[in-house]
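Under mature numbering (1 follows the signal peptide of the UniProt record, and there is no 0), residues -33 to -1, 1 to 140 are what the sequence shown spells out, in order.
Using N, Cα and C, we set each Cβ at its ideal position, and we do this for glycine too.
First the structure, in the form of structure tokens, and then the observations on it.
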Amino acid sequence: MNLVMPANRLPTTLSLFLCAALLFLGLPFSSYATPSLEHSIVDESGTAFSLSDYRGKVVYVDFWASWCGPCRKSFPWMNEMHRRYQEKGLAVIAINLDTDSQDAKPFLDDLKPQFIIGYDSQGEVARRFDLLGMPSSFVFDRSGKLVATHVGFFTEKAAEYEAELVTLLEQPE
């Protein structure tokens, strides 16, 4: 009787074992997924659009809610980044997580964003991004690769955030 497993079956067997272990522990597989642009959200009118539509640009994805104080601080900065770098290939997409999108209206009326606003009222995309706090932002390079994440918004770090974007925008397409 041969008790040695063939080398070509080892990766499959290990994968099955790990999946079974995660199921046993009750951990969702998506907890270990890397955030990506392969998700759809809706705009104010309820029309779906895909984050991947912006591949080829540097994409700054920000998750926010109307009740979030630090989110209120990040919006003027995102407006400024949009104004300065939109022509150079920056797409700023802020995804609202309020369960009722109407709750976002006073916030938006007050801060007047000039960038793209999307809605994820069921939190499906937010779960796939595995948010750790609010706001949470994710920076993708022109190829769609995740290159940076930020939890919270700190005005004292705004220059660092901007430098990160500028570095990516200066890279060849």
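In this structure, V59 lies near D29, with their beta-carbon atoms less than 9 Å apart.
Looking at the backbone, the Cα of L75 and that of D108 are separated by about 27 Å. V26 sits away from L64, with the two beta carbons spaced by 9 Å or more. Taking a contact to require three or more Cβ pairs closer than 8 Å, the stretch 1 to 8 and the stretch 104 to 118 qualify as touching. A direct Cα-Cα distance of roughly 14 Å separates L99 from C35. Selection A71, D77, A61 and Y86 evaluated against G13 yields Y86 as nearest (Cα-Cα). For D29, the uninterrupted beta strand (DSSP E) segment begins and ends at V25 to W31.
When E47, S33, G23 and Y52 are compared, the shortest CA-CA separation from D70 is found for S33. In the displayed model, S68 falls within a helix according to three-state DSSP. The C-alpha of F121 lies about 18 Å from the C-alpha of L78. Here L113 has T1, P2, S3, F105, V106 and F107 as same chain residues with Cβ atoms under 8 Å from its own Cβ, once five neighbours each way along the sequence are excluded. Counting along the chain, S41 sits inside no beta strand (DSSP E); it lies in the alpha helix (DSSP H) bounded by residues G36 to Y52.
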